[in-house]
Structures are given as structure tokens and as C-alpha cells.
């Protein structure tokens, strides 16, 4: 069957692209949260340095470990992966470039802010579905301390953050993709799941700007983009909300998700009974002082890797819509008074 | 015919992806160079502000203008473009996100440093060749002043640059792609060329680190990556140097290209008689004070748009290998003593 582009922005793959395996590495704080037992590796040090001597190098180390862990689980070597699609939040993607360099896998550097895990899964699955590769990997990371330094102030400054701010997740996760009709000279990966889990379609997002100027209020900056991508996905595929067992946004947090419900209501779409937000799932909001919840490129990636895919594997869910969300800004754009627009990329993942 | 992945990192498209049209906008300094008459628009102000009130917004304006110019030439509206693949040099891709937002085209944000135009052309052509879209656009930009501020010092500081440093090109160029076997509900673009020019294959690059620590010496930092991509392309496609009428690197400049020749010699490859470098082509090194030549995401893109494609159109060249080159660093990685690795993406463009 041929790939088809449908509606405004969606693609239905002719043949599902299988997620053969995934690996995740997170920091101590993430390990102390409700999903703590689900990750493949949890840092033990309170400063999450992972043996590096700077925050940026620590984030690169997270990516290195996530690639190693993922390859180990699918029983492949780096040379078996044809293309790597990876990005992070740091300027000029340095967490990725220095983190993946030694694997020598041809690399597509991506930036979609905290939606990058969605962008990476879309492009890595397109590469498989288009017949451009037999094996690809999607990878993203974020680190609380490197993100604070990049976007706000170094931790040493001791700046106070408002309660509606989110907490950048320290973590990285990788995903190895192959076609369900795998052929090729290279090695078939070991399927880490008891069932076949695959990407059957995608809805790349567009930039949506609602005029939010407060860079701490990421949830509200990204909610309009998430609403657009969810509504567009449903329309393009001719599906109802009930056709998904779960619709999962990236890191809207507790405040952003309320904004999302309100915006979708205007289009007669109600996802409340099956909506989850990775930023909310990541921490225990009662016991952990993370304000509005988790955020960052690593947030949605680690929750998908360690938790969401397992609910598909267990059979609890059959089909989900995964919608990582990103806020588009940098320190300069914020200081120059620019808005904080959002973008969200949709990925349909199901048991196949 | 089906798409095929061949050798280490290359893809041969089953059906060529046509470059239907392209538009470029550059600054005053670029307009004063030897290619000045070739660009679609040249800024007239000495400060290249393009009506904006900051360097970053000026770069966004370059992207806006490049999209408008490109769409105008191919006689399409923004809504006819299904996906936009765009990136720039600024932290968190803000030149792109703010420059393209109003077109409301679903966006894949990319970062490959100055090789981003190659990365964008590869992914935009893959989207066409894979049957994921009928029309895509690739777009990149750079701006001398925003890049100096991002990577070194604001211009107002008056910092001195060594003679082996390159000069970031102020410019942006867009490329509209459609399949040579176009079908679909949307509009066929007007072919801006008198002949059919298309992308027939690609060689995505990997990161190559030769231990360069001097961030001014971009040419030498990127030359090893360019050498890898050129050698890999020749091997993967089973071609000799003579099978290309020209092999064009992005922005190695006068010093980096000597390093490239030396590295390729070690593999018994001599490209001297058909090698061009966009950074060298952009300026008149005798009359313009640009040191080692042009660089930046906009450099290779604008030279391809305004000059290289025209030499294919005129029949002077039949097939070229376009290899934009990028140096992977940011201000923090440099200050923390990290190396400056390189990456280069290869695109095979020919009359079809």
C-alpha cells in the first residue's frame, strides 16, 4: 500500500513503521516521581552531572546513555542505524551533536523546542515508510540545569520561578524504528515489546501564536498549537475522539491543559476523559516541588518510552495520539519583547 | 521505480524530485559581490535591517521575503506548500520560527549549522519522493550581525577578527520542490527554469571531529566532514569525480578548501578542477574585506539559488554534487573548551 497525504497536514503510512525498542535515562528528581521504576536508568547524584563537568556535557551524556541503552535493548550496533534524528533545547543543538558524535551515525539535527520528540519520530518514521532506510533512531533530551542556564538564569543565581512555571525534565530517550515489512541487508532489531507497536500516521504541526509574552507560562503558549494539531488530526483522518484510547500532550502542565480543553471545546471536541499530559505524569505534584509539571524535549520522550508504550503493550490501549508540544523562543527573542508561539507535532501509535 | 538506499549513507530517488523554483534575498554587501546581479532582491541599507528594529528580526524578515519571492516566482500561495523545512544559525531557530509563522505552513525546524540548506533540501525532497507531500519548501537564512552577536560579540563591541575567519552571509533563499511525476489535488508550480532540474539522490552527513578548537577557523573544522560526504557519495553511487560537472562545498572558504583537497588526496580523490566553494564565490576577495570568504546557513542556499542552478539551466553543467558544510558549536561549548566538529550534507542535482 502507498503512503498517502490526507487533509490539511496528515500522512497515513502505507505500511506501519514499527517501534522496535526504546531506552530512557533520567535524573534523580524524575526517578523519584511516580514513573521512577519505569525508566531504564536513573541518575543517583543530586546534581545530575552524570560524570560530566558542565551541565551541557551532562545533557550530552544523557543522550549518549540513551542511545547505548536503546541499542542494547534492540540488540543492534550503532552501525546498524542508518540515520539518527535528534535534537534538544540548547542553542545550536550542542547536547545532541556532542552526545551522539562518537556513534558516527549520519545525523539530521532537529529543533522543535519541547515538541522535538514528535518531530524526530515523524521524520524517522517517514525515512522508513519512504524506503530511505531500513533502521532509524529518534532521540531527544533536556536537562533542568542546562535549560535554566540557556533560557533564564544559571542555577547559581537562585532566581525565583512563579508557580505556573514548569520544571524542565532531566532525561533522554531513544526509539529504534524499522518497517513492519522489514527487508534489507542490515539486521532485524529485537522487538522489545511482546506485541507489535507501530506508527501508522502523523500530523506535523504549524506554528500558532496567541500573543503570550510570559516565557514562564509555557503551558498557555503551547495549548493553542496542541489544539490545532489534535483537531487537524481528527479531521484529516476522519476520526472521533473515541477512536483514540488516549490523547497525550507533551508538557502543557496543569495550567496549559485547562487552556487546551477550553480551546478544543470551541470546536466541539472534548478529550477530557482520555487526555494525559506527560508533564503532569512525570512528577508527583503534591510531593515534588515542580510547580505546573514537567517540560523539555526529554519530558514527552521519556514518558512515551517508559510508560505510554507499555500501556499499549499491555493491551490497555489500542491506539493513541501522541502530541509533544513546544514553545518557540530564545533568551534574545524574549528580551526583545517577542511573543512565545507554540508548535505541536502529532504521532499516531498503535498495536498492529 | 522505488527509492533505494545504497552504500553507507546515500539514497537514490526512484523518481527525481524537481526544483520548480527558488528565490533569494541578500544584504548590501552580498549585492556588491560578483553574484550581485543574480539575486532576486538586494538590501539597500548599509545596516541590512530590512525595516526591522533588531538583527534577529531583520533575519526573520529575510526569511519572510525569501518565501514571498519564491512563491511569487512559482505562482503558488503559501497554502499550496504542504510542509516547510527551515532552519537558521540562531539559538532555538528563532529567525525561522518568527520569519515563517504568518505563512501557517506546517514546519519542520532544522539545525545543521551552515549545512542546514543541504539538510533542508534532503528532507524536503524525501517528503516528495516518499509520497508524503505534493509540494514542499526548503528555506534557510543567516545574517552577519545576528550571527556575530550569537556566536562572538555584538558588532558594537568592535572585536577584531583574524584573517582566516569567514564572513557570515546576510541572505535567505527558498526552494519549492515537486515530483517530476506530479499528481495531487494541489496546484502544479510554474517551473522557473527553461529545463527540468531535479534532485536525484542525497548523502546525509555524519559528524566528523578533527579536534579543531578555534571557532574562527571554521573552514578547517568543516573540511573533514565535507571530505567524508564527498568520498561517501562517490563510493555509494559508484561514481567517479568526472561523473559530476561540479562539486560545490558550502562555506569552507579559501583556507578550508585547501584542507579539503589534502584530505581527499589521501583517498586518491582529486576534485580541484571542478570544485567550487559558495563562500569563495559569494564575495570578491580582492575588493571586499571578508577575510576567508562567506559562511552561514544563507551562504550556500543563496549561491545555489542565484547562481549554481542557473549554470545547470544553461546546460553548462549536467550534474552537480552540492555539499553545504556546517560547524557544530555554540558560545557555551566554545567557552567550555569543546572542539568544533563539522557536518556536511550532500545533494545530487541534475538536468532531468
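Residue numbers (my numbering), protein chains in the order written: chain S, 224 to 575; chain V, 224 to 575.
Every residue, glycine too, gets a C-beta built ideally from N, C-alpha and C.
Rounded separation between residue i and residue j - CA only
i: residue 486 of chain S; j: residue 567 of chain S; result: 14 Å
i: residue 377 of chain S; j: residue 369 of chain S; result: 8 Å
i: residue 428 of chain S; j: residue 247 of chain S; result: 25 Å
i: residue 318 of chain V; j: residue 279 of chain V; result: 6 Å
i: residue 356 of chain V; j: residue 233 of chain S; result: 9 Å
i: residue 426 of chain S; j: residue 565 of chain S; result: 15 Å
i: residue 418 of chain V; j: residue 312 of chain V; result: 33 Å
i: residue 552 of chain S; j: residue 438 of chain S; result: 8 Å
i: residue 467 of chain S; j: residue 533 of chain S; result: 16 Å
i: residue 339 of chain S; j: residue 256 of chain S; result: 23 Å
i: residue 424 of chain S; j: residue 522 of chain S; result: 22 Å
i: residue 434 of chain V; j: residue 334 of chain S; result: 26 Å
i: residue 238 of chain S; j: residue 402 of chain S; result: 7 Å
i: residue 538 of chain S; j: residue 524 of chain S; result: 21 Å
i: residue 509 of chain S; j: residue 265 of chain S; result: 21 Å
i: residue 273 of chain S; j: residue 366 of chain S; result: 11 Å
i: residue 226 of chain V; j: residue 384 of chain V; result: 46 Å
i: residue 492 of chain S; j: residue 302 of chain V; result: 25 Å
i: residue 436 of chain S; j: residue 563 of chain S; result: 6 Å
i: residue 235 of chain V; j: residue 451 of chain V; result: 18 Å
i: residue 526 of chain S; j: residue 414 of chain V; result: 46 Å
Chain-ordered chain V contacts of residue i [CB-CB under 7 Å]
i: residue 432 of chain S; result: 324
Cross-chain neighbours of residue i in chain S, by beta carbon under 8 Å
i: residue 305 of chain V; result: 228 and 232
i: residue 333 of chain V; result: 331, 332, 333 and 334
Any C-beta of chain V under 8 Å from that of residue i
i: residue 346 of chain S; result: yes
i: residue 356 of chain S; result: yes
i: residue 566 of chain S; result: yes
i: residue 336 of chain S; result: yes
i: residue 310 of chain S; result: yes
Cutoff 8 Å: residue i Cβ touching any chain S Cβ
i: residue 377 of chain V; result: no
i: residue 611 of chain V; result: The question about residue 611 of chain V has no answer here: the residues shown for chain V are numbered 224 through 575.
i: residue 321 of chain V; result: yes
i: residue 314 of chain V; result: yes
i: residue 490 of chain V; result: no
Cross-chain neighbours of residue i in chain V, by beta carbon under 9 Å
i: residue 317 of chain S; result: 551, 552, 553, 555, 556 and 561
i: residue 428 of chain S; result: 329 and 330
Chain S residues whose Cβ lies nearer than 7 Å to that of residue i
i: residue 441 of chain V; result: Chain S residues near residue 441 of chain V: none, gap ~13 Å exceeds 7 Å.
i: residue 277 of chain V; result: 559
Listed by chain order, chain S residues near residue i by CB distance under 9 Å
i: residue 225 of chain V; result: 354
i: residue 618 of chain V; result: Outside the displayed span of chain V (224 to 575) sits residue 618 of chain V, for which this structure offers no information.
Extent of the continuous beta strand (DSSP E) run through residue i
i: residue 543 of chain V; result: 542 to 546
i: residue 243 of chain V; result: 233 to 249
i: residue 349 of chain V; result: From DSSP, residue 349 of chain V is part of no beta strand (DSSP E) but of the alpha helix (DSSP H) over 339 to 352.
i: residue 306 of chain S; result: 306 to 310
i: residue 470 of chain S; result: 469 to 472
i: residue 317 of chain S; result: Taken as a continuous stretch (DSSP letters only), residue 317 of chain S belongs to no beta strand (DSSP E), being part of the alpha helix (DSSP H) at 317 to 323.
i: residue 360 of chain V; result: 358 to 365
i: residue 333 of chain S; result: 330 to 333
i: residue 400 of chain S; result: 394 to 402
i: residue 420 of chain V; result: 420 to 426
i: residue 228 of chain V; result: 227 to 229
Boundaries (first-last residue) of the alpha helix (DSSP H) holding residue i
i: residue 660 of chain S; result: The shown model of chain S, from 224 to 575, leaves out residue 660 of chain S, and the question about it has no answer.
i: residue 459 of chain V; result: 441 to 460
i: residue 557 of chain S; result: 554 to 558
i: residue 604 of chain V; result: The structure shown does not extend to residue 604 of chain V, since chain V is modelled only from 224 to 575, so the question has no answer here.
i: residue 299 of chain S; result: From DSSP, residue 299 of chain S is part of no alpha helix (DSSP H); its letter is neither H nor E.
i: residue 521 of chain V; result: 520 to 526
i: residue 502 of chain S; result: 501 to 505
i: residue 532 of chain S; result: 532 to 536
Listed by chain order, chain V residues near residue i by CB distance under 8 Å
i: residue 281 of chain S; result: What residue 281 of chain S touches in chain V: nothing, since even the nearest Cβ is about 12 Å away.
i: residue 197 of chain S; result: Given a span of 224 to 575 for chain S in the structure shown, any question on residue 197 of chain S remains unanswerable.
i: residue 342 of chain S; result: 331 and 332
Proximity test, residue i beta-carbon vs the ligand NAP heavy atom, cut-off 7 Å
i: residue 533 of chain V; result: Inclusion of the ligand NAP in the displayed structure is not the case, the ligand content being empty and no account of it being possible.
Scan the stretch 441 to 462 of chain S for residues whose Cβ lies nearer than 7 Å to a Cβ of chain V and list them as they occur along the chain.
none
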